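Enquirer: Dropping the structure in here first, questions after.
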Amino acid sequence: MSAELRPKIIGARVRRVEDPRLLTGGGAFADDLGTPGALHVAFRRSDHPHARIVGIDCAAARAMPGIRAIFTGEDLDGLVKPILATSRMRNYHPTPIPVLARGKVRYVGEPVVAILGESRYLAEDALEAMEIAYEPLGDVVDPEQAALPGAPLLHEAAGSNILVSREFSRGDVDLVMAEAFVRVGGRFRFHRKTPVAMENRTYVAEYDRGRNFLTLTSSTQVPGIVRDALVALLDMPGHSVRVVAQDVGGGFGGKTSLYPEEVLVCALARKLKTNVRWTSDRLEDLISTSQAFDEIIDAELALARDGTILALAADVTGDVGAYSIYPWTAGIEPVQVVSFLPGPYRIDTYRGRVRAVATSKPPMGPYRGVGRPVSTFVIERLIDMAARRLAIDPVALRRHNFVSGDDFPYKVVTGLVWDHSSFREGLDEACRAIGYDALRSEQRRAREAGRWFGIGIASYAELTGIGSRISAAPGMPINTGTETASIRIDSTGTVTASFGITSTGQGLETTLSQVVAQTLGVRIEDVRIIQGDSSAVAHSTGSYASRSTVLAGGAATLAARAVREKVLRAAAHILEAPLEDLDAADGAIFVVGTDRSITFRDLARAVYSEMGRLPKDTREELEATKVYDPYFGTTSSATHIVTLDIDPETYKIRLHRYLVGEDCGRVVNPLIVEGQVHGGVAQGIGAALHEEVVFDASGQILTASLADYTIPAAGDIPPIEVVHIEAEAPSTIGGYRGMGEGGTIGAPAAIANAISDALAPLGIEITELPVTPERLFQLVRQAQAKAAKEQGSS
Amino acid sequence: MSDCHTIRVSVNGTSHECLVESRLLLVDFLRRDLALTGTHIGCEHGVCGACTILLDGDSVRACLTFAVQTDGCRIETVEGLGESDNLSPLQQAFRDHHALQCGFCTPGMLMTCIDMMKKYPLADDQAIREALSGNLCRCTGYVHIVDAVRAARDRPEESSP
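Same order as they appear, the protein sequences are chains R and F. Residues in the first sequence are numbered from 1 upward in steps of one, following my numbering. Residues in the second sequence are numbered from 1 upward in steps of one, following my numbering.
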């Protein structure tokens, strides 16, 4: 069969190779690991938001049955160093994160004492027998208060609660604003979220005392980062520390940081020369896994009469919680808000100021979308507010201002570069697919019938597949711009492809199998993927920032090409045919246009076992290791359109249609891409309508169960339509753009715009997420009272 | 230990006689004592449904059930469905429709579906979504799960577990 007619593996709806084990209970999640004789850790956590530790009395707990050891922060001196996230950012104060609190506690949920018991039940029994005396220190809860001079300090050494401050500025914003035809703006609030992977964080440290070898099985997204950090914190040689993440039950960013519990099980396994494990419960997850998206944004947009954007200004306060998280720092979320705020639009005049303020809450870290759900919410609300003021259709206003055509590559005022991507085509195609004009007619009829029916649009761009030129977090001294693939054909002719990246459920084993199989010319079932293992390749970080298909797929392509060349060279000898006449597919190498061929199995035997079939100096090991660095990275983009109805009795919001037109470049597996979009949108719907981490005025968390922090259930999510648009191929190897996060970026903005659209007759603009029925009720009541007053006075 | 009881249970057709503490949760009994780690623990307060098993044919939260309560009962877990090379029709429908991503909620989701498909017609998508509403999935947005359940429903002769 000619190469053109052969069925392609890349691009096919291949059923996932992970599924058979996951569907039959055969997954290998960290807690599934059997470790006979392991000690189980239970953490006594702070119940104070900010307090000095006056005394810890472990005597009664120590005497409880099955308790083998108890450690406080002081007991760890000399065993492990504190975690420190450094950065080259100016105006940044790193905060050492103690593995167990030392001297004071900084949030409710901070680990203070580790109790090691013969079972989890026994270790948890002893928690209540611990006596810890605290002396409360001043409240550091409201980020704007905490930023004021004289506020109580969480980290005295930093000298301020403002851990990061930064400004992007170009042009005379104030002058342009003053002269503009129209200005829209306001104070926007995106409340705190938490990722809620269904698998709670779990760490199992196995210590081989004969070899002084430490294996950490972790529910992490970043085994490479964790390995490198453990080596430094524990002062162990790198070859004696291995971090494994086999099946991980979702991550979404919450498992991209290094956690104190993760370091502690390793330090204690080494100290006690035994296996030590900890599995978080959901309460611990909700109070100690990194949280997200907690920003206050004062923003203003200036436009000309024809709708051209003239200037944008924003002041952002990010509530980053108690510590600057490792390795991303307290800058990752709020700085990204200001750097992405201009969105996919041509904006030359911009001022974006940001400060990251420490408060006594769980540390803020990366969560699906990082910064961009918030920046997209703000800029897309501003666009819609402007459209209403200018009486221009919101679709037309977006089209008018998009970066397009010859503008690419476009350098955003904040320094980001937009690679060519389907901004306009995405919007046009989404409008066509959903029947935008017909929806507007439907809305007119709905309004005449007195219904609150809204249509919401959000367009955005994201930087994906980031290479070594820029760091995934500002100024971070870790290389996040490369990935490695190591591909080997063994003496039986099967293929093992090893990576350091980690699938947290997105189906990377399948995606990478497809890339390797097609590039090499074998069948998917001939390929085994090793991933989530720090010892698989020399260097890797992990899965985050919509990078895995771009970077690991690129590395896989390079390595597979190199192996294929070796295979073809060997086959040329055996088949006695010129190299250029050879091709490989479906597990065989053949001479094009003839029936002469050799299977990979026979070829491997010839290379490795049947000495004499190949001249000695032409025998090459059938393996290759390649690193891929996209250098700058590329751009993914999408437009979301949603329609909804608001129930005037209950204020419940019912989503009707949800459509995503996205450009993620070349699709390896449409099933997986659709699944990623669906899941991202569902999390964005949660962020828009349901989810909020709530604290009381003293910093006590009020949403510490899944009955209080409510993530969407099946009935909360509408059917989601996905339209794939592929523009000019990006410069990445394979033509892939990233696409893991986009759904969550677009949905909050689209829904906020749809609700504002539904309530436009009342003049309501949504500026606060989530839009709960209670918030909506208050907004409507205020608007109606205002309207009544105006009517009365006129 | 004085606070222990001997229980006799059938798990996926195999009889077990075990000594368990009163407070031992059924989910820990399955995972730890019987090494059936396919049943997962997602919240330990009965909200997420990851630990759902069938107890005498009804879907039950194994994190809200003590092992001792199951004395004399028949328990079915995900391990009792099809094999990885011979999936049950429901499992196959989940695979065909990409109804799982990380797979952590999947065992509980499957056990709930079996119970719901047995008891209700699940005539439309809204009924399917209602039936799934006690099981949280954070990866899929439920779209493909609904597709899978619809497909399994439409092949009733094959969809018995």
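A virtual CB, placed ideally from N, CA and C, is assigned to each residue, including glycine. Note that the structure is predicted; figures quoted are calculated from it, not measured.
When the cut-off is 7 Å and only beta carbons count, does residue 705 of chain R lie next to chain F?
Expert: Walking along the first sequence from the start, residue 705 of chain R turns up at place 705. Residue 705 of chain R counts as touching chain F.
Enquirer: To be precise: take each residue of the stretch 246-273 of chain R, compare its Cβ to all Cβ atoms of chain F, and keep it if any distance is under 9 Å. Which residues remain?
Expert: Of all residues in the stretch 246-273 of chain R, 247, 248, 249, 250, 251 and 252 have a Cβ within less than 9 Å of some Cβ in chain F.
Enquirer: What does the Cβ neighbour count give for residue 479 of chain R, buried or exposed, with the cut at 16 atoms within 10 Å?
Expert: For this step, residue 479 of chain R is matched to residue 479 along the first sequence. Exposed: under 16 other Cβ atoms inside 10 Å.
Enquirer: Could you give the distance in angstroms between the alpha-carbon of residue 439 of chain R and the alpha-carbon of residue 455 of chain R?
Expert: Taking the first residue of the first sequence as position 1, residue 439 of chain R is located at position 439. Taking the first residue of the first sequence as position 1, residue 455 of chain R is located at position 455. Cα to Cα, residue 439 of chain R sits roughly 8 Å from residue 455 of chain R.
Enquirer: With DSSP as the reference, label residue 357 of chain R as helix, strand or coil.
Expert: Translated into positions along the first sequence, residue 357 of chain R becomes position 357. Strand, per DSSP.
Enquirer: Please name the residue or residues paired with residue 111 of chain R in a DSSP beta bridge.
Expert: Position 111 of the first sequence holds residue 111 of chain R. Residue 111 of chain R is bridged to R:45.
Enquirer: Along the stretch 135-163 of chain R, what residues have a CB closer than 9 Å to any CB found in chain F?
Expert: Within the stretch 135-163 of chain R, no residue qualifies.
Enquirer: Taking only the alpha-carbon atoms, compute the straight-line gap between residue 107 of chain R and residue 362 of chain R and give it to the nearest angstrom.
Expert: The residue you call residue 107 of chain R lines up with position 107 of the first sequence. The residue you call residue 362 of chain R lines up with position 362 of the first sequence. Using only the alpha carbons, I get a separation of about 6 Å.
Enquirer: Measure the CB-CB distance between residue 683 of chain R and residue 469 of chain R and report whether it falls below 7 Å.
Expert: For this step, residue 683 of chain R is matched to residue 683 along the first sequence. For this step, residue 469 of chain R is matched to residue 469 along the first sequence. No, the Cβ-Cβ distance between residue 683 of chain R and residue 469 of chain R is not below 7 Å.
Enquirer: Can a CB atom of chain R be found closer than 7 Å to the CB of residue 14 of chain F?
Expert: In the second sequence, counting from the first residue as 1, residue 14 of chain F sits at position 14. Not closer than 7 Å to any Cβ of chain R, the Cβ of residue 14 of chain F fails to qualify, so no.
Enquirer: Going by CA-CA distance only, name the one from F:114, F:141, F:152 and F:139 that's closest to residue 55 of chain F.
Expert: As a working note, residue 55 of chain F is residue 55 in the second sequence. When only C-alpha atoms are compared, the closest one is F:114.
Enquirer: Are residue 502 of chain R and residue 221 of chain R touching if we call contact CB-CB under 7 Å?
Expert: Here residue 502 of chain R refers to the residue found at position 502 of the first sequence. Here residue 221 of chain R refers to the residue found at position 221 of the first sequence. In this structure, residue 221 of chain R lies closer than 7 Å to residue 502 of chain R by Cβ.
Enquirer: Considering just the uninterrupted stretch of the alpha helix (DSSP H) at residue 260 of chain R, what are its terminal residues?
Expert: Against the first sequence, residue 260 of chain R aligns to sequence position 260. It spans 260-272 - the alpha helix (DSSP H) in which residue 260 of chain R sits, taken as one unbroken run.
Enquirer: For residue 243 of chain R, return the contacting residues in chain A, with the cut-off set at a CB-CB distance below 8 Å.
Expert: The structure shown contains no chain A; its protein chains are R and F.
Enquirer: Per DSSP, what kind of secondary structure is residue 119 of chain F in: helix, strand or coil?
Expert: In the second sequence, the residue the question calls residue 119 of chain F occupies position 119. It is helical.
Enquirer: Nearest to residue 137 of chain F by CA position, among F:101, F:3 and F:8, is which residue?
Expert: As a first step, residue 137 of chain F must be located in the second sequence, where it is residue number 137. For the residues F:101, F:3 and F:8, the minimum Cα distance to residue 137 of chain F belongs to F:101.
Enquirer: Hey, is the stretch 14-26 of chain R in contact with the stretch 90-100 of chain F, meaning 3+ C-beta pairs nearer than 8 Å?
Expert: Enough Cβ pairs lie closer than 8 Å, so yes.
Enquirer: Hey, would you say residue 807 of chain R sits closer than 7 Å to residue 491 of chain R, going by beta carbons?
Expert: With chain R covering only 1 through 794, there is no way to say anything about residue 807 of chain R.
Enquirer: Kindly list, in the order they appear in chain F, the residues whose Cβ is closer than 8 Å to that of residue 29 of chain R.
Expert: Looking up residue 29 of chain R in the first sequence gives position 29. Result: 37, 40 and 104.
Enquirer: Rounded to the nearest angstrom, what separates residue 578 of chain R and residue 615 of chain R at their Cα positions?
Expert: Numbered from 1 along the first sequence, position 578 holds the residue referred to as residue 578 of chain R. Numbered from 1 along the first sequence, position 615 holds the residue referred to as residue 615 of chain R. Their backbone Cα atoms lie some 16 Å apart in a straight line.
Enquirer: What is the DSSP secondary structure of residue 191 of chain R, counted as helix, strand or coil?
Expert: Translated into the one-based positions of the first sequence, residue 191 of chain R becomes position 191. Reduced to three states, the DSSP call for residue 191 of chain R is coil.
Enquirer: Taking only three categories from DSSP, how would you classify residue 671 of chain R?
Expert: To locate residue 671 of chain R, count along the first sequence from 1; it is residue 671. Residue state, collapsed to three classes: helix.
Enquirer: Under DSSP, the alpha helix (DSSP H) around residue 231 of chain R begins and ends at which residues?
Expert: For the purposes of this step, residue 231 of chain R is taken as residue 231 along the first sequence, with counting starting at 1. Taken as a continuous stretch (DSSP letters only), the alpha helix (DSSP H) holding residue 231 of chain R covers 223-234.
Enquirer: Is the shortest distance between the beta-carbon of residue 30 of chain F and the beta-carbons of chain R less than 7 Å?
Expert: What you label residue 30 of chain F is simply residue 30 of the second sequence in a count that begins at 1. Not an interface residue.
Enquirer: At the 7 Å Cβ level, is residue 645 of chain R part of the contact set with chain F, yes or no?
Expert: The sequence position of residue 645 of chain R within the first sequence is 645, counting from 1. Residue 645 of chain R does not count as touching chain F.
Enquirer: For residue 86 of chain F, list the residues DSSP reports as bridge partners.
Expert: As a working note, residue 86 of chain F is residue 86 in the second sequence. Its beta-bridge partners are F:83.
Enquirer: How many whole angstroms separate the CB atoms of residue 198 of chain R and residue 249 of chain R, which I take to be in contact at a CB cut-off of 8 Å?
Expert: The residue given as residue 198 of chain R occupies position 198 in the first sequence. The residue given as residue 249 of chain R occupies position 249 in the first sequence. Going by Cβ atoms, the distance from residue 198 of chain R to residue 249 of chain R rounds to 5 Å, so yes, they are a contact pair.
Enquirer: Going along the chain, which residues of the stretch 191-209 of chain R sit with their C-beta nearer than 7 Å to a C-beta in chain F?
Expert: Taking 7 Å as the Cβ-Cβ cut-off against chain F, the residues of the stretch 191-209 of chain R that qualify are 196, 197, 198 and 199.
Enquirer: Counting only Cβ pairs nearer than 8 Å, list the residues of chain F close to residue 24 of chain R.
Expert: On the first sequence, position 24 is the one that residue 24 of chain R refers to. Those within 8 Å of residue 24 of chain R in chain F are 38, 78, 79, 81, 82, 83, 84, 87 and 91.
Enquirer: Considering only residues of the stretch 581-639 of chain R, which uninterrupted beta strand (DSSP E) runs meet the minimum length of 3 residues and lie entirely inside it, listed in chain order?
Expert: 582-585, 588-591, 597-599 and 623-628, all fully within the stretch 581-639 of chain R.
Enquirer: Could you check which residue in R:90, R:568, R:708 and R:402 has the C-alpha nearest to that of residue 310 of chain R?
Expert: Within the first sequence, numbered from 1, the residue matching residue 310 of chain R stands at position 310. For the residues R:90, R:568, R:708 and R:402, the minimum Cα distance to residue 310 of chain R belongs to R:402.
Enquirer: Taking the C-alpha atoms as reference points, what is the distance between residue 474 of chain R and residue 55 of chain R?
Expert: Taking the first sequence and counting its residues from 1, one reaches residue 474 of chain R at position 474. Taking the first sequence and counting its residues from 1, one reaches residue 55 of chain R at position 55. Using only the alpha carbons, I get a separation of about 39 Å.
Enquirer: Let me confirm a value: residue 241 of chain R is counted as buried when at least 16 other C-beta atoms fall within 10 Å, else exposed. Which label applies?
Expert: Here the question's residue 241 of chain R lines up with position 241 in the first sequence. That one is buried.
Enquirer: Could you tell me which residues DSSP puts in a beta bridge with residue 503 of chain R?
Expert: For the purposes of this step, residue 503 of chain R is taken as residue 503 along the first sequence, with counting starting at 1. According to DSSP, residue 503 of chain R bridges with nothing at all.
Enquirer: I want to verify the contact list: residues of chain F whose CB lies under 8 Å from the CB of residue 20 of chain R, in sequence order.
Expert: Indexing the first sequence from 1 puts residue 20 of chain R at position 20. Under the 8 Å cutoff, chain F gives 84, 85, 87 and 95.
Enquirer: Counting only beta-carbon separations shorter than 7 Å, does residue 50 of chain F have a partner in chain R?
Expert: The residue given as residue 50 of chain F occupies position 50 in the second sequence. Interface residue, yes.
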